[in-house]
Amino acid sequence: MQDVLTRLAALRRPTLLMQAARIGAPEYRRDRRLRRYFGIGPLPGPAEALVRLIEIESWQDEGRRAGDAGYSPARHVDTMIAVLGEAALLMETRAPVRAPALDRS
Numbered sequence: 075m076q077d078v079l080t081r082l083a084a085l086r087r088p089t090l091l092m093q094a095a096r097i098g099a100p101e102y103r104r105d106r107r108l109r110r111y112f113g114i115g116p117l118p119g120p121a122e123a124l125v126r127l128i129e130i131e132s133w134q135d136e137g138r139r140a141g142d143a144g145y146s147p148a149r150h151v152d153t154m155i156a157v158l159g160e161a162a163l164l165m166e167t168r169a170p171v172r173a174p175a176l177d178r179s
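Using my numbering, you'd call the opening residue of the sequence shown number 75 and step up by one each time.
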């Protein structure tokens, strides 16, 4: 399976959609926002949540492209805010790769 962050980087979405999501991302509150998508119960970790959110967003984007009457730009922005928020959390939790220390004896 393709790395979720690589998959996210490959997404191409309208500039206005991404600008709106970036504006909303600093206000992202995981517990409130993810309940809208995953309901009551324990929330998934950032990686699993991101995979599931990207899938939801993909369905929304298909509706946007098809001109579906049920497509909601506000809902799409809301989903992209969650995607950006979970991606940021995932990147924070990943340990940085460090070169091994050299013995300078």
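All C-beta atoms, glycine included, are put in the ideal place defined by N, C-alpha and C.
Residues near residue i in its chain [Cβ-Cβ closer than 8 angstroms; skip 5 each side]
i, result
"Ala99", "Ile155, Leu158, Gly159 and Ala162"
"Ala121", "Val78 and Leu164"
"Arg126", "Tyr111, Phe112 and Pro118"
"Asp105", "Leu117"
"Arg96", "Leu158"
Cα-Cα separation between residue i and residue j, rounded to whole angstroms
i, j, result
"Ala83", "Leu124", "12 angstroms"
"Ser132", "Ala94", "17 angstroms"
"Leu90", "Ile114", "32 angstroms"
"Arg168", "Gln134", "28 angstroms"
"Glu166", "Gly141", "36 angstroms"
"Met92", "Arg109", "22 angstroms"
Presumed contact (8 angstroms Cβ cut-off) between residue i and residue j, rounded CB distance
i, j, result
"His150", "Arg138", "7 angstroms"
"Arg81", "Ile130", "In fact, because the Cβ distance is near 14 angstroms, the residues do not count as touching under 8 angstroms."
From the options, residue whose alpha carbon lies closest to that of residue i
i, options, result
"Pro147", "Thr167, Pro88 and Arg168", "Pro88"
"Ala152", "Arg86, Arg107 and Leu85", "Looking at the sequence itself, residue 152 is Asp, so the reference to Ala does not match. Answer by Cα proximity: Arg107."
Same chain, Cβ closer than 7 angstroms to residue i, neighbours up to 5 away in sequence not counted
i, result
"Gly144", "Gly137"
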